[in-house]
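Visitor:
Residue numbers (the numbering used here): 765 to 1213.
In structure tokens, the structure reads:
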């Protein structure tokens, strides 16, 4: 389908697709669904409490991670926290749901923010509002909101990802490319780089990065899910979203970005050889790049993310995770206390810095200002100052819906096909909108026009 035909089809159907999904208080109800069957909290009289902690950031074989756990155990002799690695970010939520069904849930689990709504709706995680009330002051409100639904708190932030652009400073200078401050300048930079070296690209276009595309659209003013009391609105194919679709369509069609997944052996090789020159991601990107291209250390820098309008500064968070307490934890009160200590206390959030984690807690964030820059960019001594300024402008909300997994799967498959065949990206957003609404209807939600 041509781009012009796609726009016409979209315009004629747009009114039909502005739907509101009535959740019937589903967030609050789901959070309470298992309350009667949950095991009792706390240890038996006189006995120690053992907390099983599922995490992918704290590695069992990492002395720094074990030192954090040992510190808590020493300070809380009636509690023993045990690390349990559960794989990567993608697997954790599904493993928690399986453990919940089998009545084998851990006591604390680290989960990415975008997966939280589906866990709340499923009733797999506990409302810990009262248990962590005293910890709220240790986290900025825009960060605390990442784990809050209405008046209910379901987690304590571990780390955050203010969106930034990480780029090869040496090659930008070699090709005479200024660091882009707008997306229009980014497109111009992409053209200049590829003209100077036909094998080099400003970035890779990875269709599987659903969370990035949602956040990028949010920066343009889109909101794919909106919760208003007992209602969900779905607006994935809004005009703001389609603005971002057109932007990436243009770069792909002109071969100004390489179409391939991130962090594959091929991508890693290009990052090492200077054929991929930037990554629009978040403050955690330098540590990821360093893990696959350590020999390029000293050649990269990070800057604020480009904007749609010159002079703007607002960005959303991208990535990051929180500590949740499963609904069926046998020691929920102690688990919430540990989560609050690690994520929000001065001591815990500062200790997270030893793991190269960008903490969500105030004390940890403040400590970054005097910390050494990431290993990827030892020469950029103001990295954390730049990141802190970005955090101050991280005011764009991104709301994740209860069936984000359906959206991510549909979007990734359709966008990959469209990128390879160079067909309409707009149709991808429309197809995802339809799939999300259909799935909600299938689950029994009431869908109104």
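Beta carbons: idealized from backbone N, C-alpha and C, even for Gly. Predicted model, so just to flag it, every value in this text is computed and none were measured.
1. Residue 747 and residue 1066: beta carbons closer than 8 angstroms?
2. Please report how far the alpha carbon of residue 1041 lies from the alpha carbon of residue 1127, in whole angstroms.
3. Return no unless some Cβ of chain C is closer than 8 angstroms to the Cβ of residue 1203.
4. What residues are listed by DSSP as bridge partners for residue 874?
5. Between residue 1141 and residue 1206, what straight-line distance do the alpha-carbon atoms span, to the nearest angstrom?
6. Classify residue 1190: buried if its beta carbon has 16 or more other beta carbons within 10 angstroms, exposed otherwise.
7. From the DSSP output, in three-state form, read off residue 856 for me.
8. Using beta-carbon positions only, say whether residue 951 and residue 861 come within less than 8 angstroms of one another.
9. Please tell me whether residue 1151 and residue 927 are closer than 8 angstroms, where the distance is taken between their beta carbons.
10. With burial defined as no fewer than 16 other Cβ atoms inside 10 Å of the residue's Cβ, what is the status of residue 942: buried or exposed?
11. Rounded to the nearest angstrom, what separates residue 1049 and residue 1026 at their Cα positions?
12. CA-CA distance, residue 1235 and residue 1172?
13. Assuming the contact rule is C-beta atoms closer than 8 angstroms, residue 842 and residue 813 should be a hit. Round their C-beta distance to whole Å, please.
14. To which residues of the same chain is residue 773 closer than 7 angstroms at the C-beta, ignoring the five residues directly before and after it?
15. Taking a contact to mean a Cβ-Cβ separation below 8 angstroms, would you say residue 1005 touches residue 1193 in this structure?
16. List the residues that DSSP assigns as beta-bridge partners of residue 1160.
17. Classify residue 1018: buried if its beta carbon has 16 or more other beta carbons within 10 angstroms, exposed otherwise.
18. Which of the three DSSP states, helix, strand or coil, is assigned to residue 1119?
19. Along the chain, where does the beta strand (DSSP E) that runs through residue 847 open and close?
20. Does the region 1195-1205 come close enough to the region 1166-1185 that 3 or more CB-CB pairs lie under 8 angstroms?
21. Taking just the CA atoms, how far does residue 831 sit from residue 1070?
22. Closest to residue 973 by CA distance: which of 918, 1044, 1088 is it?
23. Report the residue from 888, 838, 935, 1156 whose alpha carbon sits nearest the alpha carbon of residue 1062.
24. Compute the Euclidean distance between the alpha carbons of residue 1209 and residue 1167, then round it to the nearest angstrom.
25. If we call anything under 8 angstroms between Cβ atoms a contact, is residue 1008 one with residue 984?
26. Give a yes or no on whether the C-beta atoms belonging to residue 902 and residue 1125 are separated by under 8 angstroms.
27. Measure from the alpha carbon of residue 982 to the alpha carbon of each residue in 1079, 877, 858, 1093, then state which is nearest.
28. On the DSSP bridge list, what partners appear for residue 1097?
29. Let me confirm a value: residue 1197 is counted as buried when at least 16 other C-beta atoms fall within 10 Å, else exposed. Which label applies?
30. Thinking C-alpha only, which one of 828, 821, 834, 835 is nearest residue 853?
31. Which value, in whole angstroms, describes the spacing of the CA atoms of residue 796 and residue 913?
32. If I measure Cβ to Cβ from residue 1032 and keep anything under 8 angstroms in the same chain, skipping five residues before and after, which residues do I get?
33. Comparing alpha-carbon positions, which option in 1137, 1187, 1161 lies nearest residue 989?
34. What residues in its chain sit with their C-beta under 7 angstroms from that of residue 978, if we drop five residues either side in the sequence?
35. Between which two residues does the beta strand (DSSP E) holding residue 1044 run?
36. Exposed or buried, what is residue 1028 when buried is set at 16 or more other beta-carbons lying within 10 Å of its beta-carbon?
Guide: Taking the structure as given:
1. Because the chain is modelled from 765 through 1213, residue 747 falls outside the range shown and cannot be assessed.
2. Here the alpha carbon of residue 1041 sits roughly 33 angstroms from the alpha carbon of residue 1127.
3. Annotation note: the requested chain C is absent from the structure, which comprises a single protein chain.
4. Beta-bridge pairing links residue 874 to 1087.
5. Distance between the alpha carbons of residue 1141 and residue 1206 is about 49 angstroms.
6. Answer is buried; the Cβ neighbour count reaches 16.
7. The answer is helix: DSSP assigns residue 856 an H, G or I state.
8. In this structure, residue 861 does not lie closer than 8 angstroms to residue 951 by Cβ.
9. Taking 8 angstroms as the cut-off, the Cβ atoms of residue 1151 and residue 927 do not count as close.
10. Classification of residue 942: exposed, given that the 10 Å Cβ count is below 16.
11. Between residue 1049 and residue 1026, the C-alpha separation is close to 12 angstroms.
12. With the chain covering only 765 through 1213, there is no way to say anything about residue 1235.
13. Residue 842 to residue 813, Cβ: 6 angstroms. Contact.
14. Low local confidence applies: a pLDDT of 41 at residue 773 is under 50, so the model's placement there is unreliable, with the coordinate-based value given in what follows. The beta carbon of residue 773 is closer than 7 angstroms to none in its chain, skipping five residues each way along the sequence.
15. Taking the C-beta atoms as reference points, residue 1193 is found nearer than 8 angstroms to residue 1005.
16. Paired residue(s): none; residue 1160 is not in a bridge.
17. The residue is exposed, with fewer than 16 neighbouring Cβ atoms inside 10 Å.
18. DSSP places residue 1119 in helix when its eight states are reduced to three.
19. Run containing residue 847: 843-849, per the beta strand (DSSP E) assignment.
20. Look at the beta carbons and you see the region 1166-1185 touching the region 1195-1205: at least three pairs across the two are nearer than 8 angstroms.
21. Their backbone Cα atoms lie some 39 angstroms apart in a straight line.
22. Nearest Cα to residue 973 within the set 918, 1044, 1088: 1044.
23. Comparing Cα positions, the closest option is 935.
24. Answer to the nearest angstrom: the Cα atoms are 11 angstroms apart.
25. Result yes, Cβ atoms of residue 1008 and residue 984 sit closer than 8 angstroms.
26. Residue 1125 sits close to residue 902, with the two beta carbons spaced by under 8 angstroms.
27. Considering only alpha carbons, the answer is 1079.
28. DSSP output for residue 1097 lists no bridge partner at all.
29. By the beta-carbon neighbour count (other beta carbons within 10 angstroms, threshold 16), residue 1197 is buried.
30. With respect to the C-alpha of residue 853, the residue from 828, 821, 834, 835 having the closest C-alpha is 821.
31. In this prediction, residue 796 scores a pLDDT of 33, lower than 50, which makes its location untrustworthy; the coordinate-derived value is nonetheless stated afterwards. Approximately 14 angstroms between the Cα atoms of the pair.
32. So the qualifying residues of the chain are 1056, 1057.
33. Here the closest residue by C-alpha is 1161.
34. So the qualifying residues of the chain are 988, 1162.
35. Under the DSSP assignment, residue 1044 falls in the beta strand (DSSP E) whose first and last residues are 1042-1046.
36. Around the beta carbon of residue 1028, a 10 Å sphere encloses fewer than 16 other beta carbons of the protein chains shown; the residue is thus reported as exposed.
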